[in-house]
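In our numbering, the protein residues as written are 107 to 484. Reviewing the structure listed below.
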């Protein structure tokens, strides 16, 4: 069809050619971040001591001496497995956002094994390249989101152009061992694009969703889907009258674990103000988290967000991070997410080489016509 061969092809070519470098960078850093849990800086400080873990309150107190004045504990990341270090994050209540300090504590001996400034380290740099175009404010996240939109457009236009005509399925979705040069590049570009377009579209769209959470979650809410992001605490302010003694982090954790029996503790979000509830996340490391909202003064769980009770739409919305980084949907999806990050670079190289080969072929044909007409070539 004429519109497919002209309009879509030009959109696909222009977007792919002019934005190939940033798209390749976003994809490659995304593939690296698939292994972020294995590359965590805590693994560089050695394993934890053998023995019984101390209380979370003790871990926070042990880490407090490493934090500068003005920083307050905001998150306790529990050891995922035996031998892992605990991570205590400190932040400045007056300056929310990137920054703060990460303190890695031996949960058994309470020794501080190391610290890292929030936003520092090569792994965090890769994250900012991937999600924020190396900017530290919200505008960088939105720019990255628009590049995700471009990837969605490339995936859709690519599959429309590559969709095989009748009786040409084999040629459209396979790579011939006899092809060379431009034809081989075209087959590689088309066949890999055909088999990977859906994964690329899903990963790219989930990245766009995460870049514009207010817009997309607001749209989902208008359709009756709850905003179930772990960072969105329910219940508003809590009562803090005189004579009320709040639970500490260990008491809060015990309440949450009693409300969700059998689910291991993953983290405790410590409120910045006394009139805010705690948030406790539970569940296996690579599963959709259960979130318990705890009032430390009333000493009760005010809300329990259990994925087992979510509707299908709520599970999809709550799984956007897992869909995008491959962290919670099994080893095969994680492998596909890793592979999808390599695709922009592969498509950029093959597409540019195709364009160069096509340009050379046209020049060669033009020279041949000129020579046949009696005009000597160069």
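All C-beta atoms, glycine included, are put in the ideal place defined by N, C-alpha and C. Predicted model only: the values in this text are computed from it and were never measured.
Item checked: Contacts around residue 236, its chain only, beta-carbon distance under 7 Å, and the 5 residues preceding and following it disregarded -> 132, 135, 136 and 139
Margin query: Mapping the DSSP letters down to three states, classify residue 390 as helix, strand or coil.
Written below: coil
Notebook entry, point to check: Which term fits residue 188, buried or exposed, when burial requires 16 or more other beta carbons within 10 angstroms of its beta carbon?
Noted result: exposed
Next item on the list: With a 10 Å radius around its C-beta and 16 neighbouring C-beta atoms as the bar for buried, classify residue 418 as buried or exposed.
Entry: exposed
Note to self: Using the three-state DSSP reduction, which class does residue 211 fall into: helix, strand or coil?
What the structure shows: strand
Check: On the three-pair Cβ rule with 8 Å, is the stretch 386-394 touching the stretch 278-290?
Finding: no
Notebook entry, point to check: How close, in whole Å, do the beta carbons of residue 216 and residue 165 come, if the pair is a contact with beta carbons under 8 Å?
Noted result: 7 Å
Margin query: Please report the straight-line C-alpha distance between residue 171 and residue 250, rounded to a whole angstrom.
Written below: 37 Å
Item checked: Alpha-carbon spacing of residue 268 relative to residue 295, whole angstroms -> 10 Å
Item checked: Distance between beta carbons of residue 211 and residue 169, contact taken as under 8 Å -> 5 Å
Item checked: beta strand (DSSP E) runs wholly inside the stretch 343-426, at least 3 long, in chain order -> 371-375, 384-388, 396-401 and 406-411
Next item on the list: For the stretch 376-386 and the stretch 419-433, state whether three or more C-beta atom pairs, one from each stretch, are separated by less than 8 Å.
Entry: no
Check: What residue ranges within the stretch 120-206 form continuous beta strand (DSSP E) runs of no fewer than 3 residues, ordered along the chain?
Finding: 178-183 and 192-197
Next item on the list: Taking 8 Å as the cut-off, decide whether the C-beta atoms of residue 196 and residue 180 are in contact.
Entry: yes
Check: By Cβ distance below 7 Å, which residues in the same chain neighbour residue 261 in space, the five residues on each side in sequence not counted?
Finding: 303, 306, 307 and 310
Note to self: By alpha-carbon positions, which one of 182, 198 and 219 ends up nearest to residue 154?
What the structure shows: 219
Item checked: Spatial neighbours of residue 435 in its chain, beta-carbon cut-off 6 Å, leaving aside the 5 residues before and after -> 428
Check: Based on Cα-Cα distance, which residue from 416, 282 and 400 lies nearest to residue 330?
Finding: 416
Check: Which value, in whole angstroms, describes the spacing of the CA atoms of residue 481 and residue 472?
Finding: Caution is warranted here: a pLDDT of 48 is assigned to residue 481, below 50, making its placement in the model unreliable, and the coordinate value is therefore given only provisionally. Spanning the two alpha carbons is a distance of roughly 11 Å.
Note to self: The beta strand (DSSP E) that contains residue 219, what's its start and end?
What the structure shows: 218-223
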